[in-house]
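These notes concern the structure reproduced below.
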Amino acid sequence: MSTRSTSTAGIARATGIPWETWTARLDELGARTMSHAEVARRVAEQLEGVVENPAWWGQSVAVAWEQHTGARRPGQAGDGSFGASASRTVTGTPDEALARWSSLLAGRTEVGGVPFRQPPSTAATAKWRYWRVRLADGSRVSATIGDKAGGRVTVALAHTGLASADDVARWRSTWKELLAAL
Numbered sequence: 005m006s007t008r009s010t011s012t013a014g015i016a017r018a019t020g021i022p023w024e025t026w027t028a029r030l031d032e033l034g035a036r037t038m039s040h041a042e043v044a045r046r047v048a049e050q051l052e053g054v055v056e057n058p059a060w061w062g063q064s065v066a067v068a069w070e071q072h073t074g075a076r077r078p079g080q081a082g083d084g085s086f087g088a089s090a091s092r093t094v095t096g097t098p099d100e101a102l103a104r105w106s107s108l109l110a111g112r113t114e115v116g117g118v119p120f121r122q123p124p125s126t127a128a129t130a131k132w133r134y135w136r137v138r139l140a141d142g143s144r145v146s147a148t149i150g151d152k153a154g155g156r157v158t159v160a161l162a163h164t165g166l167a168s169a170d171d172v173a174r175w176r177s178t179w180k181e182l183l184a185a186l
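Using this note's numbering, you'd call the opening residue of the sequence shown number 5 and step up by one each time.
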């Protein structure tokens, strides 16, 4: 089916188990009749003591498996919606990057032709800065800003709740264009 080869190659590298072996194991387990959570749990059990964070890798294998079997398309969430992401590394501190991002979107009532359901909000922790907004189409956008070495920060955008795979490319382009203005 349409599993991303980069995903399966990364899974094989991290787990030490070739993707073909994973597909055979999951077929033997009867994974086609299991829920996502059950597949992820069973894989995580197999990865105990093999990788750091076996639960995370269990989720990764389960998603790739669902893509492999056609139960999920690349970029599709478990609820059937899609998500787009984009990121950019810029100079400055997290506070400075958040201020620039907020300024870039200040005064807007929409993005990409979709109105904001409510005004954007910001939040901060000791390590991270956040900018979030809900759009009128029911989707959500979140910018997560964190430190990198050398006086730089990463601004990572996640747009969840998109209706179709076609929306992913359109929104990714929109977000990359805005990030380029930082």
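A virtual CB, placed ideally from N, CA and C, is assigned to each residue, including glycine.
Computed from a predicted structure; not experimentally measured.
Distance from W132 to G150 at the Cβ level is roughly 5 Å; contact confirmed, criterion being Cβ atoms closer than 8 Å. For the pair A35 and V43, the Cα-to-Cα distance works out to about 6 Å. A distance below 6 Å between beta-carbons, with the five flanking residues on each side excluded, links R76 to the following residues of its chain, in chain order: E70. Within the stretch 125-178, the runs of beta strand (DSSP E) that reach at least 3 residues and sit entirely inside it are, in chain order, 125-128, 132-138, 144-152, 156-166. Just so you know, the alpha carbons of L161 and W179 end up roughly 7 Å apart. Put simply, of G117, R112, T164 the residue whose alpha carbon is nearest the alpha carbon of P123 is R112. L51 is classed as buried because its beta carbon has at least 16 other beta carbons within 10 Å across all chains shown. For W135, the closest of E100, L166, I21, G116 by C-alpha to C-alpha distance is E100.
Per the coordinates, the alpha-carbon of S146 lies some 13 Å from the alpha-carbon of L109.
Looking from the CA of A184, the closest CA among W105, A68, T129 belongs to W105. Per DSSP, the continuous beta strand (DSSP E) segment holding G87 begins and ends at 86-95. The stretch 163-175 makes contact with the stretch 84-101, as at least three CB pairs between them are under 8 Å.
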